[in-house]
Each structure stands twice: as C-alpha cells, then as structure tokens.
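See below for the structure under consideration.
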Amino acid sequence: METTPLLSRPKKRSFWSRFRKKDLSSRVINVGQVPDEEYPPNYVCNQKYNIITFLPLVLYEQFRFFLNMYFLVMAVSQFIPSIRIGYLYTYWGPLSFVLAVTLFREAVDDFRRFRRDREVNRQRYERIVLDQTEDGYRPFQTELVSASALRVGDIVMLHKGQRVPADMILLRTNETMGTVFIRTDQLDGEIDWKLRIPLPSTQKLPTDAHLLDINAQIFVEKPVKDIHSFVGTCTRFDEEESDSLEIENTLWSGCVVASGQATGLIIYTGTETRSVMNNAAPRSKVGHLDLQVNDLTKVLFLATLLTSLLLIVLKGFNGPWYGFLFRFVLLFSYIVPISLRVNLEMGKVFYSWTIQRDEKIEGTVMRSTTIPEELGRIQYLLADKTGTLTKNEMVFQKLHLGNALYDSNNFYEVEAFLTQYVTNDAPSLPTSPIAEGGVLTPTPRQVWNAVLALALCHNVTPVYDIERRDADIDESQSDMASSVVSDSCGGAVPQQQLCDYQASSPDEVALVKWTDMMGISLYRRDLHNISLKLRAANEIVQYSILQVFPFTSESKMMGIIVQDENTGKITYYVKGADVALEKLLNSNWLNTECKKLAADGLRTMVVARRTLTNEEYSAFESKYKEARLSTNRNERTAAAMSKLHSCLELLCLTGVEDRLADDVPRTLAMLRTAGIKIWMLTGDKLETALCIARSLQLGGGTNWHVANECANRRDAYQLLQELVNSEATDFIIEGETLEICLRSYEEEFVEVLQRCTGVVVARCSPTQKAQVARLLRARKKVVAAVGDGGNDVAMIQEADMGIGIEGAEGRAASLAGDVSIRQFSFLATLLLVHGRRSMMRSAALCLFIVHRGLIVSTMQAVFSVVFYFSSVSLYPGFLMVGYGTVFTMLPVFSLVLDKDLPSTTVLRYPQLYKQLTKGRQLSYKTFYIWTGISIYQGGVIMYGALILFEDQLIHIVEISYTALILTELIMVALTVITWHRLMLLAEFVSLLMYIATLLIFTTYFDGDFIKHWDFWWKVTLITLVSCLPLYIVKHTHRKWRMRQYKNIRK
C-alpha cells in the first residue's frame, strides 16, 4: 500500500534557490505536519572539492607557493623555441611529479571523506508515516529512510546505539524512568552520559502512534551555535497546556542514544544543526620552517636574477639581450630546487611515522603531518589544569560544617553521627579534633542535614550492570536489555550487581560516592523521584522531585526542590561556587575557610538549603512556569529565582581533590630546563590554581606575585607598576583582571608577562585562553597549547602546535589537536626527542638540497664565463634529472635517519633543546655558510677540471659530473653524525647506479676515456680538494668550539 510521510511533503526547491543565502529565523512546527518553508537538506558533506572544483582549487593551493609558481613559469617558458634550454621533460618532469603526488593525495583524502559522508547519509532510520486515510481513521506505521531524506517536521524513532541524524526535540521514550541517556563525546568531547527528558505532554501518551492524533504546535528559536542552551515552547491546543523547552528536551545531531528508545521531532537539518554550525574550519597552520624556506627561496631567486644580470653586463647588451637574460635565468634555475619541497614533505611524513611508532609514547597520533618540526622550537607552553596537569579524578577530601572540619582521617565520625541520627541511638561519640573555640560541636542532625543535601542535590543517576545468564543474547534485544536496566533501578536491586553513577560532572559523582561511603546511598532516580538507601536502618526513603535547576556558567550553581514523601516537607537545596553563593548567605566563616581549602589545592563547593511551605512553593511554581513560557525568559526566570534564594541556610562547605597526573612535576622541570616557559590557564579559582602551581613548581620558584582585582584603567595601571617593581618571578592573575589590563595596556602588560618564568591565569574562559595564545603568536613566539577538554579546543586551534590529551573529559581536544597524546608526561619525549630531531633533520635536509642546487649552478656559471658567456647548458637534460634523483636522492634523504645524540642523553640534558628555539639551524648565517661552501666546491670542481684536463676539454662532462657526484656522496658522509645501515645502503646503491650509468649510457659518456687511469686519479684529486678542507674545518670546529656538546655525547 502506498504510504505518505505524515500529511504532506514540502515542494522541491528550485535550482537557483540553492545558491541564495537564507537568513536564520525562529520557526513554528505542527506535530504531524511538515512545514511548507524550505529548509536545508539533511545532507552531510565534509568534502573539500567536487568534480568541477577539484583541479582548480588544488592547483591554486599549490601555486600560491613561490617555489611552485617559479618552476611553472620556467617550465612554460620552454615552449618558446628561442629560449629553450633542453628537453621539456627536464622541467615538466619534476613539476608534474610534484603536482601528481599532491593531486593523488588530495583525491584520496577527499574520496575517503566522500565515503564517510555517504555512509552517514545512507544510514537508515525509522520515520513515522501514515497510510491512506479512510473514514477519518489515520493508520500508523513506520518506514526506513536514509538520513539524507529526513526533513524538518519528521518524527523519527531512534534505538539504542543509533546516531541522532538531525537536531530533534525528544517527544517520547520507552524507558520506565521516563528519561533517556545520550552520549555527546562527538559533539562536546565529554564522555559522561547526559540525561534527556521528553516533553511531559507527549510522554504521557500511550504509544508513539498517538503523536499523530494530538493538536500540538512547537515553537523553536532560530538556529544558533550554542550547544548548551535552547529556548522553545510546546503548546497542546486539544488539552490547553504548554511546556517550556530546555536543553534537557533536545537531541543534537551527532549524539548517540545510550539506552532505550527515543522518539523525536526534527527541528533543524543540515547546515542549521548545532554540530555543523560549530564545525568552523580551524586556522590553517603553516610551520615556521616552511616560512623560512619560502624566504630562502626568494633570496635564491634574487641570486639567480643577479647572477644572470651580471653575466649579461659582462657579455654586453648586444642583440636580443633580454632573451639571453631569460636563458641564463633558466640555466641557473637549479639554484631554486623543486626537489626541496618534495623532500621536506616526505621528511614530515617520516617524522610523523616515527612518532606514532615510539613505544615510550604509545598511543600518540600525529593528526597534522605538515608541522612536526614545530615540536622542536616551542618557546611557550600553555597548559590546562584539570585533566591535563591533573587526572580529572575527583576524590572527596574535606567537609566543613562551620564548627567542625572532617577529612579522610576522621570521616568515621561523620558515619557515626549519621548512624546515631538514623537509628535514634545515642552512643558516646568522639568529638572532632578540629573545632573552633567556644563553638558547640556538631550535632547528629547538623551532620545529617549536610550529608542529605549532598545525597539529593545533584544530577547523578545510578545505573546497574545486570549479570546476564545467557551470554549469547542477540543484538536485536539490546533495547529490551536497556529496559531491564531501568526496571532494576526502580525495584529491588538484584544481588551481585554493581552500581555505576552517570553524570555530566565528575565532581558530582565524587560527592555521591562519598555519601554512599557514609551510609546514604543513591538507590534509584527517575524523572520524578529520588530514592535513598540508609545503610544503618536498612531502609529506603523516597523523595519527589518538584523542580531541577541545572548548572549554568552564568549562575555557577545547581539546585533542586524535593518533597519528603513521608513528612511532606518541601526543601530547596542549592550548591555552587563560593563567589556565587557567598553573597546570598550571611556567614562569618565561609570566605576564610574557602581560602584555606583552596590553598590546599581543593575544589570548593558551598551547599545551602531553604525550607518552603506549600503556599510558598505554589507561588514560586506559578511564577517560574510563567517566566519559562515568556519571551524574555532569562530575565523573568532570574527574577523568580532571586526570591527563592532569599533566607538560605548554609549547610556545609566541601573540598574535592583533583589528583595530579603521573610524572607531571618531573616533566615540567625538564621543560623548564629546556627553556620552555609554561603558563597554566584554568577555570578554577585563584587560590586553588596557586596551590597547584606551587606544588608543581610551575615557574621554578616559590615567590608568586598575586594580582589584585582590577575594575578600571586606573587599577590596571597600578597593577602594571607593581609588576614592574616586583622582585617576584612568577605571576598569577584572574581572567577578568587580565582582560581589563590587556584592554588598557596590552603591549606593556604582555612585555612584563614575558619576563616572568611562570604565569597562571585563573578563572580563565575558553575565549580568554585562545586570546592568550594569540597575543604570544602576534609577538613572533612559537606557542604550544595542551588540554583535554572541549573548553580547550579554541586554545589548541589558535596555538602554533595544538596538543590534545585523550582524557576523562572526552576526545574533543584530542581530535582538534595537531598531536594527540595519552598523558602530559609524554610531552618530554615528544618535544625534547622527536621535536628536536625533526627540526634538526629538516634543517639539514633543506640546507643540503640547497647546496646541491647551488653547486651545480656555480659550475654552470663558471662554464658560461669560460666559454665566452655562452648560454648553453653544461649537462644534458638526462644528467640534470639524474643528478637530483637517481644519483643523490637516496643519500640526501637518508639524512632524516641521522641522530646526533641518543634519546636517553637528550632527556638527561634538556638544555640541548634551547639552541633550537633560537632558529640557528636554519638561520641566514647558516644559509650563507652553506652558500659559500657550494660556491667553493663548484668552483674547485669546474676550474680543477679545466686545469687538469686542459687537453681533453671535449670530455668536460665526464670529468666534472663524476667529481660532482662523488663530492655530493662524500658531503653526505661528512654531514652524518650517527650512521644507520640504510644510510650506508643508500650511499652504496647510488654509487653503483652511477658506475652502471657510466658503463651503459655511452651516448653521454666515453667508455674508453673513463677506463683510463689518468681520469680516475685526477677526478679523485679534484674531489679531495673540494671536500678535504671542509672536513678539516668541521673537525676543528667540533673540537674547539663544542667541547660541552662533545662531553655530553660521551
């Protein structure tokens, strides 16, 4: 029977409408009907190119580089007969090879993206459809459609493990608890499950089929990027009721259903989904080495022009001199070697491969293979704290009640107080050893109120792992199994089953686990009820959930209103940061104790409550519901909450420890010794961050200057003067204060910060983290950023080298980084060993390839001068191609295997890394030294050939070319510090290939002349004269100028 999806489908979009940019706007969707408006198709496309744009875009990206554009001009000029130097393949061959490799790589990468997109777009989903209406009856069934066919207004059924194909409103779930869990690790990077709540007006329907029988209208805001907030309303006209829509009612595209079945209404598709809108293209990063090579290429091109112009001046401006000028430019074009780019790209791939294969940093992934050398010249390291320098493993450490402080040494007293209160027993209890003088010790009721608040005020849900008797359960029964999990949470807990707590914050899990240790266990939780198990009385107490106020970055607090089902008592519990709750409480001890706990490196949380009468709650409920349904929701909701926050009673202050990651202090010490300045950017409060910084010895000293809060330009100036006159080498400041100072005195303030050995920015937002990285980069500093959470992505993408840690907060930072590592301690090996080697190898490779081009160009210049400024090529095209590929490519590229020092030695002496940060390996000074070496060797080979073979100038090709090849092979050998067997093999193979060429290609070489003894001893003499002085100079330099380096090697 023919099926019609819902009531009607929208009209197809015209061809030209696809190219019009549509303004984003809010929308109204009738449940069971597809809107007539045109919305983007739900098509995932991550491809960079299509059939039409592939070739133009790739070629444009390649010829943006001066090197490639230069050779393109040289190759095109060979089509002009008057200035043609040699065969076309000598110019078009190397250029075509480079372009072919690039086109192939881009095509393969884009085809892989196409296959991934096609796989996602072809995933099948169950869409609710209607059969033909008969006598007013609307039959219901589902059909399988691809994800790309879904449209706004469709009602889709999702099962456990399925990816959410578009942004949806959760209408119903089959879970007994009335809620569903989703995984958002691919959206925000957090690995904790998130709880989602269906609309009350649709969840109460008997089946999904009844969704088509209601008269409901959903209003949603216009598409925005914020994944943590949502505004909308659902109105049922048939029952005259309305629901406000919050973030808890949404299923964003890219999330995965973790339990049960979810039925949702699609509200945004394609480019309007949250995931696509947040997929902003990251900054295209170009390594400093590539920029230096580009600058050196321009210098070489200028040298080519000057040399050509000099020869024209010496020859005289007679005849078509401009044609001769261009021919000379072509002859000297080898000064700018096209093989430089090819070898550097191949070297980058090799460095990335070696990093990923290092067992000492197992699990490391190079996501960006274009900038591995940046690891070898880092000057500033910006590090997150939680999950990066610490493990993100929260452990409850301290509970402060105002008149007593409990820690792990006397938590048994808390448990004893609870037992006494629950059982109404009055044994003799030890008093807390830490109590304020003159203040009564805590009572059992006081302890009970505090721990009960911690057990109730959270968003944690217990999940029980059921031990299945049948090990071979079919995958199709997974939904049934998820329902069993929910049922087990609501009934008696089966024996021999473990409870796992799911929450979006590890802090909340730590609090709930601690209350479980104390004897108050979170036993069951659903949308409307919380059950607590009291171990001392072996009974369960029930609480009804009346309202839940989730944590937001603006409020910095989380609250819940519950009603005791036994007594009917209504209580509002709230917990949050001290800066948010301190102004709502009247306490003379809270601020002091918060600073003490923060000084111990603990994350503090303030807990308070307010008891409400039925009349007070009814009044609040009506105002709060009205505020949530209004257009200015935020303002009216805040006003309603402000009345609820009056008359709060302070219950306790908690301290949770975030444990330090493994080997972090030792790693930081090594990086400091290597000359890397480490800045910690964290969202924690100043006192906590300062304690962690001191325990880590972040700046290497103990004298920290703590910045006072700044509210205006005058305060910023005063702080700047304090910093200038301060003797402290380490500095800590809050994010808001830093922003005010940068707004007023950016240059002066950043200059002062750069002089500090250690800097900590507390209360730092993700935007401010990225701003700090941008400030340093703007001052030509090489910056690395390391983090593990979604809030670190902006900083990671802004830095020159982004390093993501795959940690407890998910994979967002790991996927966004240029490098992904498993723990912070891997940075020592990554930077000091692999980064250093990558930089040194690439610098040596670059200089040697430039040397290889300069030496042959010098020989060409000598040849032209000697033979009356002739613009004739010294060597045929075949030999020039062979010189840069067959005969010298393997030995030169084998330099990527060179090691100046073993890994253990480099890690033992981190100060060796300092010389790389100054860029001396590829400085202009080093470049000019190698230029002088090339001119010397080229001149010696050419003039030596002319002097020793004065009577045999007809054999100038065999003479000079053989000496040239031998010189290159010997220079590679002189450059190598630590020999590898593949290096020896490359030298041997290249030499054999050249000897075979001499014997086989008699067209270019005179076999009889080559076999003569005079040829070989004279060629050997020329080679020794070109290489021996360099060996002596090099040996002397190592002996007298690098004694410390030599001792380290020993």
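Quick note on the numbering used here: the sequence shown kicks off at 29 and runs consecutively.
Positions of the beta carbon are idealized from the N, C-alpha and C atoms, including for glycine.
| Query | Result |
| --- | --- |
| According to the neighbour-count rule (16 or more other Cβ atoms, all chains shown, within 10 Å of its Cβ), is Ala320 buried or exposed? | It should be pointed out that residue 320 corresponds to Gln in this sequence rather than to Ala. Under this definition Gln320 is a buried residue. |
| In the DSSP assignment, the beta strand (DSSP E) including Gln572 goes from what residue to what residue? | Reading off the sequence, residue 572 comes out as Ser, not Gln. Looking at the DSSP string, the run of the beta strand (DSSP E) that includes Ser572 is Glu567 to Phe577. |
| For His879, does the count of other Cβ atoms within 10 angstroms reach 16, so buried, or fall short, so exposed? | buried |
| If contact is defined by three or more beta carbon pairs under 8 Å, each pair taking one atom from either stretch, is the segment 567-583 in contact with the segment 233-251? | no |
| Compute the Euclidean distance between the alpha carbons of Leu944 and Gly863, then round it to the nearest angstrom. | 10 Å |
| What do you reckon, are the CB atoms on Ile963 and Thr886 nearer than 8 Å? | yes |
| If you follow the alpha helix (DSSP H) that Val635 is in, where does it begin and where does it stop? | Run containing Val635: none in the alpha helix (DSSP H); it sits in the beta strand (DSSP E), Leu630 to Leu640. |
| Anyone know if the C-beta pair for Leu859 and Ile406 falls short of 8 Å? | yes |
| Is Gly282 near Arg191, with beta carbons less than 8 Å apart? | yes |
| Could you give the distance in angstroms between the alpha-carbon of Trp1007 and the alpha-carbon of Ser772? | 56 Å |
| Could you tell me whether the Cβ atoms of Lys426 and Leu625 are closer together than 8 Å? | yes |
| Of the choices Leu950, Val924, Thr1048 and Tyr1032, whose alpha-carbon is the least far from that of Phe378? | Val924 |
| Quick one: measure Cβ to Cβ for Ala175 and Val148, integer angstroms, because I've assumed they're closer than 8 Å. | 6 Å |
| With respect to the alpha helix (DSSP H) encompassing Pro228, which residues constitute its N-terminal and C-terminal limits? | Pro228 to Gln231 |
| Under 8 Å, do Met586 and Leu609 count as touching if we go by C-beta distance? | no |
| Given a threshold of 16 other Cβ atoms within 10 Å of its Cβ, counted over all protein chains shown, does Glu464 qualify as buried or as exposed? | Residue placement at Glu464 is flagged as unreliable, the pLDDT there being 43, under the threshold of 50; a coordinate-derived value is accordingly withheld. |
| Which of helix, strand or coil does DSSP assign to Arg211? | strand |
| Could you give the distance in angstroms between the alpha-carbon of Ser380 and the alpha-carbon of Asp846? | 11 Å |
| With DSSP as the reference, please indicate the residues paired to Lys705 in a beta bridge. | Tyr408 |
| Taking contact to mean at least 3 C-beta pairs separated by less than 8 Å, is the segment 263-279 in contact with the segment 652-661? | yes |
| From Leu328 to Val104, what distance separates their C-alpha atoms? | 20 Å |
| Compute the Euclidean distance between the alpha carbons of Leu709 and Lys413, then round it to the nearest angstrom. | 7 Å |
| Have a look at the DSSP bridge pairing and note the partners of Met422. | Asp686 |
| Should Ile389 be labelled buried (16 or more other beta-carbon atoms within 10 Å of its own) or exposed? | buried |
| From Thr196 to Ser287, what does the alpha carbon distance come to, in whole angstroms? | Reading off the sequence, residue 196 comes out as Met, not Thr. Their backbone Cα atoms lie some 17 Å apart in a straight line. |
| Across which residues does DSSP place Trp732 in a beta bridge pair? | Asp758 |
| Is the beta carbon of Leu681 less than 8 Å from the beta carbon of Glu643? | no |
| Taking 8 Å as the cut-off, does the segment 731-740 touch the segment 797-812 (at least 3 CB pairs, one atom from each stretch)? | no |
| Suppose you measure from the CA of Thr1048 to the CA of Ala991; what does that come to, to the nearest Å? | 7 Å |
| Starting from Ile242, trace the beta strand (DSSP E) both ways and give me its first and last residue. | Premise fails: Ile242 is in no beta strand (DSSP E) and is neither H nor E. |
| Strictly by DSSP, which residues pair up with Glu300? | Bridge partners of Glu300: none, in fact. |
| In whole angstroms, give me the CA-to-CA distance for Met422 and Ser533. | 10 Å |
| Look up Glu249 in the DSSP assignment and say whether it is helix, strand or coil. | coil |
| Sort Asp691, Arg802, Leu1056 and Glu249 by Cα distance to Phe258 and report the nearest one. | Glu249 |
| Return the CA-CA distance between Leu233 and Val635, expressed in angstroms with no decimal places. | 38 Å |
| Using the Cα positions of Ile295 and Lys946, report the straight-line distance between them to the nearest angstrom. | 54 Å |
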